[in-house]
Amino acid sequence: MTRWPLPPPMARALELARQAADRGEVPVGAVVVRAGHIVGEGHNLTRTDSDPTAHAEMVAIRAAAAALGAERLGDCDLYVTLEPCAMCAGAIAHARLARLHYGAADPKGGGVEHGARVFAQPQCHHRPRVIPPTLKSR
């Protein structure tokens with residue numbers, strides 16, 4: 013069951029996921045928020061850009077880092093519509109994001125509570141606070 017109303021950043025991430033779907037991409041959207049303001053956003057662009065690393069989270073993190081002029085985003089939250097994969101979870105840890113909010117679990121490709129469980133590994137030097145999934149199916 014979905015928790016309503018959705019936080020505005022998650023609602024924006026869903027809009028971005030719809031944009032990705034309209035472009036023929038896997039429908040995932042992400043936004044980075046600092047002090048209540050979106051500082052970076054993106055949706056999947058892997059097919060559009062012929063770039064296997066252009067996941068929504070990576071696009072949003074890159075945009076936030078560029079906007080803030082910083083490689084570390086320790087006072088930022090990431091909102092993403094789907095549980096991040098292992099690559100994106102690694103980028104979240106490296107960016108030192110404070111909190112991760114994700115919409116739905118991904119048992120097949122997720123890397124947070126499924127699969128690699130990146131933040132649970134002893135080699136992971138930063139673990140964001142993970143907020144339970146916002147969107148739940150019946």
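FYI, in the numbering used here the residues of the sequence shown are 13 to 150. Every residue, glycine too, gets a C-beta built ideally from N, C-alpha and C.
Assuming residue i and residue j are in contact, meaning their beta carbons sit under 8 Å apart, how far apart are those beta carbons, in whole angstroms?
i: residue 109; j: residue 143; result: The Cβ separation is near 12 Å, so there is no contact.
i: residue 115; j: residue 145; result: 6 Å
i: residue 107; j: residue 130; result: About 13 Å; that fails the 8 Å criterion.
i: residue 43; j: residue 24; result: 5 Å
i: residue 45; j: residue 88; result: 6 Å
Out of the options, state which residue places its alpha-carbon closest to the alpha-carbon of residue i.
i: residue 119; options: 135, 97, 131 and 92; result: 97
i: residue 47; options: 80, 39, 116 and 145; result: 80
i: residue 95; options: 60, 124, 22 and 64; result: 124
i: residue 137; options: 33, 102, 121 and 19; result: 102
i: residue 68; options: 38, 50 and 45; result: 38
i: residue 117; options: 92, 99, 135 and 70; result: 92
i: residue 76; options: 65, 63, 90 and 66; result: 90
Is residue i helix, strand or coil when you go by DSSP?
i: residue 152; result: Only positions 13 to 150 of the chain appear in this structure, which leaves residue 152 out of reach.
i: residue 136; result: coil
i: residue 69; result: helix
i: residue 35; result: coil
i: residue 24; result: helix
i: residue 102; result: helix
In the DSSP assignment, what are the bridge partners of residue i?
i: residue 88; result: 46
i: residue 51; result: For residue 51, which the question treats as bridged, DSSP gives no partner whatsoever.
i: residue 80; result: In the DSSP output, where bridge partners are listed per residue, residue 80 has none listed.
i: residue 94; result: 116
i: residue 143; result: 113
Check your understanding: Per the contact definition of three or more C-beta pairs closer than 8 Å, is the region 48-68 in contact with the region 23-35?
Key -> yes
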